[in-house]
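J.: Protein sequence lines, in the order shown, are assigned to chains A and B.
Residue numbering for the first sequence follows this note's numbering, starting at 1 and increasing by one per position.
Residue numbering for the second sequence follows this note's numbering, starting at 371 and increasing by one per position.
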Amino acid sequence: MSQLKRRDFLKAAGLLGASAALPVNLLRAAGGGDLTVGFLYVGARDDFGYNQSHAEAAAVIKQMPGIKVVEQENVPETVAVQRAMEAMIRQDGASLIFPTSFGYFDPHVLKVARRFSDVRFAHCGGLWEEGKHPMNVGSFFGYIDEAQYLNGVVAGHMSKSAKLGFIAAKPIPQVLRNLNAFTLGARSVNPDITTSVIFTGDWSLPVKEAEAANSLIDSGCDVLTCHVDGPKVLVETAEKRGVMTCGYHASQAALAPEGYLTGAEWNWVTPYKKHVQAAQAGEPMINFLRGGLKEGFVKTSPYGPKVSAEAKKNADAVKAEMMSGDFVIFGGPLKNNGGEIVIPDGTDYKQTAVELERMDYLVEGVRGQI
Amino acid sequence: MLKPWLGRAGVLLLPALPTLCALVTTAVLFIAFLLIQGRPAWQAGPLVFEGAFGSLFAWENTLMRAAPLMLTALCVALPARAGLIIIGGEGALVLGGLAAAVTPLWLPALPAWPMLIAMGVASMLAGGLWIGLSGWLRQKRGVNETIGSLLLSYIGLAIFRHLVEGPLRDPNSLNKPSTPPLDSSYQIGVISDSFYVHWGLVAGIVACVLAWVLVRYSVIGFALRVVGGNPRTPRMLGLPVDRLVLLTCVLGGGAAGLAGMFEVSAVQGSANTALISGYGTAGILVAFAARHNPLAIIACAILLGGLEASGGLLQRRLGLPDATTLILQGMLFINLLAWETLTRRTGDWRLWLRGHWIAAPRAGLEEKGETSHG
Numbered sequence: 001m002s003q004l005k006r007r008d009f010l011k012a013a014g015l016l017g018a019s020a021a022l023p024v025n026l027l028r029a030a031g032g033g034d035l036t037v038g039f040l041y042v043g044a045r046d047d048f049g050y051n052q053s054h055a056e057a058a059a060v061i062k063q064m065p066g067i068k069v070v071e072q073e074n075v076p077e078t079v080a081v082q083r084a085m086e087a088m089i090r091q092d093g094a095s096l097i098f099p100t101s102f103g104y105f106d107p108h109v110l111k112v113a114r115r116f117s118d119v120r121f122a123h124c125g126g127l128w129e130e131g132k133h134p135m136n137v138g139s140f141f142g143y144i145d146e147a148q149y150l151n152g153v154v155a156g157h158m159s160k161s162a163k164l165g166f167i168a169a170k171p172i173p174q175v176l177r178n179l180n181a182f183t184l185g186a187r188s189v190n191p192d193i194t195t196s197v198i199f200t201g202d203w204s205l206p207v208k209e210a211e212a213a214n215s216l217i218d219s220g221c222d223v224l225t226c227h228v229d230g231p232k233v234l235v236e237t238a239e240k241r242g243v244m245t246c247g248y249h250a251s252q253a254a255l256a257p258e259g260y261l262t263g264a265e266w267n268w269v270t271p272y273k274k275h276v277q278a279a280q281a282g283e284p285m286i287n288f289l290r291g292g293l294k295e296g297f298v299k300t301s302p303y304g305p306k307v308s309a310e311a312k313k314n315a316d317a318v319k320a321e322m323m324s325g326d327f328v329i330f331g332g333p334l335k336n337n338g339g340e341i342v343i344p345d346g347t348d349y350k351q352t353a354v355e356l357e358r359m360d361y362l363v364e365g366v367r368g369q370i
Numbered sequence: 371m372l373k374p375w376l377g378r379a380g381v382l383l384l385p386a387l388p389t390l391c392a393l394v395t396t397a398v399l400f401i402a403f404l405l406i407q408g409r410p411a412w413q414a415g416p417l418v419f420e421g422a423f424g425s426l427f428a429w430e431n432t433l434m435r436a437a438p439l440m441l442t443a444l445c446v447a448l449p450a451r452a453g454l455i456i457i458g459g460e461g462a463l464v465l466g467g468l469a470a471a472v473t474p475l476w477l478p479a480l481p482a483w484p485m486l487i488a489m490g491v492a493s494m495l496a497g498g499l500w501i502g503l504s505g506w507l508r509q510k511r512g513v514n515e516t517i518g519s520l521l522l523s524y525i526g527l528a529i530f531r532h533l534v535e536g537p538l539r540d541p542n543s544l545n546k547p548s549t550p551p552l553d554s555s556y557q558i559g560v561i562s563d564s565f566y567v568h569w570g571l572v573a574g575i576v577a578c579v580l581a582w583v584l585v586r587y588s589v590i591g592f593a594l595r596v597v598g599g600n601p602r603t604p605r606m607l608g609l610p611v612d613r614l615v616l617l618t619c620v621l622g623g624g625a626a627g628l629a630g631m632f633e634v635s636a637v638q639g640s641a642n643t644a645l646i647s648g649y650g651t652a653g654i655l656v657a658f659a660a661r662h663n664p665l666a667i668i669a670c671a672i673l674l675g676g677l678e679a680s681g682g683l684l685q686r687r688l689g690l691p692d693a694t695t696l697i698l699q700g701m702l703f704i705n706l707l708a709w710e711t712l713t714r715r716t717g718d719w720r721l722w723l724r725g726h727w728i729a730a731p732r733a734g735l736e737e738k739g740e741t742s743h744g
């Protein structure tokens, strides 16, 4: 009888161990106060684009004292990301997780966060809402349209044909906001400038992106930029054809030593550090975090060799205004490319305005349709 | 006395021999590859095992990934019984998922079970229609079913993207275009909190077992073997070849569509482009690894699910890039195809075993034995 009981006890103990509540605590204790931070990327870490911008910042976090970083790339927005986050928690003892792809948020991050309430999930791009989403989840994002506006200013100065090209993944608000900001920046220099846009349909379609780049160049565009996950193909194609480019996500200067003008880059180190420090200090989760150039969430690539002194001067002046926090990109009166007023005269949308998060129009000067 | 038993075991195991050889060769090649790259090959092996099968969590991880693969593998394996090579499961899966996601929008509010059944039926119809179309084009129009199903899959994906990002888009899904989210009562949960795998796994296993019964024990299954074996014989016998081919295509497509339904109702909660994640393509690998045997599909799907589950651990512990898992999968597939040549010989060996090791069988028994073709 007693033997049977002991066996049952052992079984129960084994189950407890397997249920992994124990390993999490053990691992954490074994780490001696080290904070294990997990990063998940939807694509390759060296894609010269979105994922690289995150991986570069993760490398900075790795250097911080008392931090252990675990990373996983090419994690699709399926059950795979749920299990990968859970594996980081259970197998590696991670207590702060950065799921960096927009599509991870709903339902994947939310589902896992509800099950692991003592782990922090700092998601990039999502829209955390109080009362609706768990308190151990936070979202952060950067106003990169500011840097795209500066891209536009430089492109406006450098373009000879007054035709710019933009390769976009999908007609969603984030993308339209960048496209519109780029166009507005260019037209602030020369109101005759137009931007031709091609939507490829998805975030990473290298062949289509190359075709789009070629057809934009064939139609006379002499500065190209984009909002796709990896601008590599576009920048290389343009460089080969002797056309200028503005970068996006990370710096692509190495791919186009001749024609790279400047670029809109993420600086994820800023929000990452805030989250890591809050976790280390045991402060409450930062649920909502946004910032632009001024807050150091985004930055611009150093000017390439072709950029004229006049372009630099103009762009630097606008940048200084942005840094002071006074600059408004989307102010009325603003027309869409069908001639209708979308922002009435006298209305200025600051970067934090929710109206901008719902953008569904192309501004005057954009050639294309949604 | 032992010989007949060994002989029987040999006869049973022989069909698995090419797969086993492929597994061993893959392991050897993979270790060699890591060594050449100067990576810690000896740590990688145990890690692959730990990540795939080393704990209850690892099993959950593996099985969760294996669940859709079982269904998409059937989309390849069933038509293969009739001699077709269908590779368009991805299109059937996403269209099935879309059908499941919009069913609750178009039907009046129903209790959970009838609605889930309706969603399942809708997804299977959509998937079945798509693969059935490939079969129909082949039988009636002479379009090669491999090319046809691949191209139809592209068309299916394009239709899916257009609908999800256009007419069927939920206006509130701003930066991730999706259909309106499913009501929580129509979402399928996990089997239990201590076994965190969604019900798609049960559906996958049940579907594989049913498919096995169909191909192994039914008259249709026997007729399929004739159709798959030779294009002329069944016509001479008067078998309804077109209908049989179409049936396998519709059933296979239905299985893939059902996988889409589970992706929507158990994982995503709505239809969006995250459904396009390569389950259809991975299903081809599983079906070939299982030599189109529905029961073996269960094992092979678990194996592939395990490889993918362990890929994460390889990345996090050894800093290996994700491509490592892809290389492992690629090696596995090439090895499976390469060792396939052994299949012809295993037939001879089986006969030899029967003749020499198993005590003289009656003539009738021998004909009743497996006549399966890959």
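Glycine included, every Cβ here is placed at the ideal spot set by N, Cα and C.
#1: Grab me the residues of A:Asp145's own chain with a C-beta within less than 7 Å of its C-beta, minus the 5 sequence neighbours each way, in chain order.
#2: Could you give the residue range of the alpha helix (DSSP H) that holds B:Thr643?
#3: Let me confirm a value: B:His532 is counted as buried when at least 16 other C-beta atoms fall within 10 Å, else exposed. Which label applies?
#4: Output, in chain order, the set of chain B residues within a Cβ distance shorter than 9 Å of A:Phe102.
#5: In three-state DSSP terms, what is B:Ser562?
#6: Where does A:Trp128 fall in DSSP's three states?
#7: Where does B:Gly648 fall in DSSP's three states?
#8: Under 6 Å Cβ to Cβ from A:Arg7, same chain only, skipping five residues before and after it: list those, please.
#9: For A:Gly296 versus A:Thr262, is the C-beta distance shorter than 9 Å?
#10: Between which two residues does the alpha helix (DSSP H) harbouring A:Met244 extend?
#11: Reducing DSSP to helix, strand and coil, say where A:Ala168 ends up.
#12: Since B:Ala397 and B:Leu404 are thought to touch, with beta carbons under 8 Å apart, how far apart are those beta carbons, to the nearest angstrom?
#13: With DSSP run on the structure shown, which of helix, strand or coil describes A:Asn314?
#14: For a contact defined as C-beta to C-beta under 8 Å, what are the partners of A:Glu73 on chain B?
#15: List the whole-angstrom C-beta distance separating A:Gly230 from A:Gly103, where the pair is believed to meet the contact cut-off of C-beta under 8 Å.
#16: Exposed or buried, which one is A:Gln91 when buried takes at least 16 other CB atoms within 10 Å?
#17: Compare the beta carbon distance of A:Gln72 and A:Tyr50 with 9 Å and say whether it is the shorter of the two.
#18: Closest by CA to B:Gly502, which one among B:Thr442, B:Ile525, B:Ala422, B:Pro449?
#19: Taking all protein chains shown into account, decide if A:Asp218 is buried (16 or more other Cβ within 10 angstroms of its Cβ) or exposed.
#20: Rounded to whole angstroms, how far is the Cβ of B:Ala470 from the Cβ of B:Met631, which I believe are closer than 8 Å?
#21: For A:Tyr260, is the classification buried or exposed, using 16 other Cβ atoms within 10 angstroms of its Cβ as the cut-off for buried?
#22: Closer than 9 Å, Cβ to Cβ, to anything on chain B: give me those residues from the segment 162-189 of chain A, in chain order.
#23: Could you tell me whether any Cβ in chain B is nearer than 9 Å to the Cβ of A:Gln82?
#24: Do you know how far the Cα of A:Ser53 is from the Cα of B:Leu384?
#25: According to a CB-to-CB cut-off of less than 9 Å, which residues of the segment 667-681 of chain B neighbour chain A?
#26: With C-beta atoms as the reference, is A:Trp266 less than 9 Å away from A:Gly156?
#27: Nearest CA to the CA of B:Leu441: which residue from B:His726, B:Arg602, B:Gly627, B:Gly498?
#28: At 8 Å on the CB atoms, spell out the chain A contacts of B:Ala644, in chain order.
#29: Whole beta strand (DSSP E) runs in the segment 194-258 of chain A with 3 or more residues, listed along the chain?
#30: Are any of the Cβ atoms in chain B nearer than 9 Å to that of A:Glu209?
#31: Could you tell me whether the Cβ of A:Leu289 comes closer than 9 Å to any Cβ of chain B?
#32: Verify the CB distance criterion: does A:Val70 have a CB-CB separation below 9 Å to chain B?
#33: Identify the residues that DSSP records as bridge partners of A:Gly331: which are they?
#34: Using a Cβ cut-off of 9 Å, pull out every chain B residue sitting near A:Arg358, in sequence order please.
#35: Taking the alpha-carbon of A:Asn337 as reference, which of A:Asp360, A:Gly325, A:Glu364 has the nearest alpha-carbon?
#36: If I'm right that A:Ala186 touches A:Ile198 with Cβ under 8 Å, what's the distance once you round it to whole angstroms?
T.: Put simply:
#1: Your numbering for residue 145 of chain A matches position 145 in the first sequence. Answer for A:Asp145: Arg177, Asn178, Ala181, Ile329, listed in chain order.
#2: To locate residue 643 of chain B, count along the second sequence from 1; it is residue 273. Unbroken run through B:Thr643: none, as it is neither H nor E.
#3: Here residue 532 of chain B refers to the residue found at position 162 when the second sequence is read from its first residue. B:His532 is exposed by the Cβ-count criterion.
#4: As a first step, residue 102 of chain A must be located in the first sequence, where it is residue number 102. Near A:Phe102 (Cβ distances below 9 Å), the residues of chain B are Asn545, Lys546.
#5: Translated into positions along the second sequence, residue 562 of chain B becomes position 192. Looking at B:Ser562 - three-state DSSP - the assignment turns out to be strand.
#6: The residue labelled residue 128 of chain A in the question sits at position 128 within the first sequence. DSSP places A:Trp128 in coil when its eight states are reduced to three.
#7: Along the second sequence, one-based indexing puts residue 648 of chain B at 278. Reduced to three states, the DSSP call for B:Gly648 is coil.
#8: By 1-based counting over the first sequence, the position of residue 7 of chain A is 7. Any reading at A:Arg7 needs caution, since the residue's pLDDT is 49, under 50, leaving its predicted position unreliable; the model's value is listed next. Counting only Cβ-Cβ distances below 6 Å, and skipping sequence neighbours, we find nothing.
#9: Mapped onto the first sequence, residue 296 of chain A falls at position 296. Mapped onto the first sequence, residue 262 of chain A falls at position 262. Cβ distance not < 9 Å, so A:Gly296 and A:Thr262 don't count as in contact.
#10: Start at 1 with the first residue of the first sequence, and residue 244 of chain A comes out as number 244. No alpha helix (DSSP H) contains A:Met244, which is instead part of the beta strand (DSSP E) from 244-249.
#11: Position 168 of the first sequence holds residue 168 of chain A. Strand.
#12: To locate residue 397 of chain B, count along the second sequence from 1; it is residue 27. To locate residue 404 of chain B, count along the second sequence from 1; it is residue 34. Wrong, their Cβ atoms sit about 11 Å apart, outside the cutoff.
#13: Your numbering for residue 314 of chain A matches position 314 in the first sequence. Looking at A:Asn314 - three-state DSSP - the assignment turns out to be helix.
#14: Translated into positions along the first sequence, residue 73 of chain A becomes position 73. Result: Gln685, Pro691, Asp692.
#15: In the first sequence, counting from the first residue as 1, residue 230 of chain A sits at position 230. In the first sequence, counting from the first residue as 1, residue 103 of chain A sits at position 103. Actually they are not in contact, since the Cβ atoms of A:Gly230 and A:Gly103 sit about 16 Å apart, beyond 8 Å.
#16: Taking the first sequence and counting its residues from 1, the one referred to as residue 91 of chain A is at position 91. Flag for A:Gln91 reads buried.
#17: Locating residue 72 of chain A in the first sequence gives position 72, counting from the first residue. Locating residue 50 of chain A in the first sequence gives position 50, counting from the first residue. The answer is no: Cβ separation not under 9 Å.
#18: By one-based count along the second sequence, residue 502 of chain B stands at place 132. Cα-wise, what sits closest to B:Gly502 is B:Pro449.
#19: The residue labelled residue 218 of chain A in the question sits at position 218 within the first sequence. Exposed, because fewer than 16 other Cβ atoms sit within 10 Å of the Cβ of A:Asp218.
#20: As a working mapping, residue 470 of chain B is identified with position 100 in the second sequence. As a working mapping, residue 631 of chain B is identified with position 261 in the second sequence. That belief holds up - the Cβ atoms of B:Ala470 and B:Met631 are roughly 4 Å apart, short of 8 Å.
#21: Within the first sequence, residue 260 of chain A is the residue found at index 260, counting from 1. Burial call: buried.
#22: Lys170, Pro171, Ile172, Pro173, Gln174, Val175
#23: Taking the first sequence and counting its residues from 1, one reaches residue 82 of chain A at position 82. Yes, A:Gln82 counts as interfacial toward chain B.
#24: By 1-based counting over the second sequence, the position of residue 384 of chain B is 14. By 1-based counting over the first sequence, the position of residue 53 of chain A is 53. B:Leu384 and A:Ser53: Cα-Cα distance of roughly 51 Å.
#25: Glu678, Ala679, Gly681
#26: The residue labelled residue 266 of chain A in the question sits at position 266 within the first sequence. The residue labelled residue 156 of chain A in the question sits at position 156 within the first sequence. Contact: no.
#27: Indexing the second sequence from 1 puts residue 441 of chain B at position 71. Out of B:His726, B:Arg602, B:Gly627, B:Gly498, B:Gly627 has the C-alpha closest to the C-alpha of B:Leu441.
#28: Working through the second sequence from its first residue, we reach residue 644 of chain B at position 274. Chain A residues near B:Ala644: Pro76, Glu77, Thr78, Gly103.
#29: 194-199, 223-227, 244-249
#30: Numbered from 1 along the first sequence, position 209 holds the residue referred to as residue 209 of chain A. Taking Cβ atoms only, chain B never reaches closer than 9 Å to A:Glu209, which makes this a no.
#31: For this step, residue 289 of chain A is matched to residue 289 along the first sequence. Taking Cβ atoms only, chain B never reaches closer than 9 Å to A:Leu289, which makes this a no.
#32: Start at 1 with the first residue of the first sequence, and residue 70 of chain A comes out as number 70. So yes, A:Val70 belongs to the interface.
#33: Here residue 331 of chain A refers to the residue found at position 331 when the first sequence is read from its first residue. Answer is A:Asp348.
#34: The residue you call residue 358 of chain A lines up with position 358 of the first sequence. What A:Arg358 touches in chain B: Leu544.
#35: Locating residue 337 of chain A in the first sequence gives position 337, where the first residue counts as 1. For A:Asn337, the nearest C-alpha among the options comes from A:Glu364.
#36: On the first sequence, residue 186 of chain A is found 186 positions in, with the first residue counted as 1. On the first sequence, residue 198 of chain A is found 198 positions in, with the first residue counted as 1. Not really, about 17 Å apart at Cβ, beyond 8 Å.
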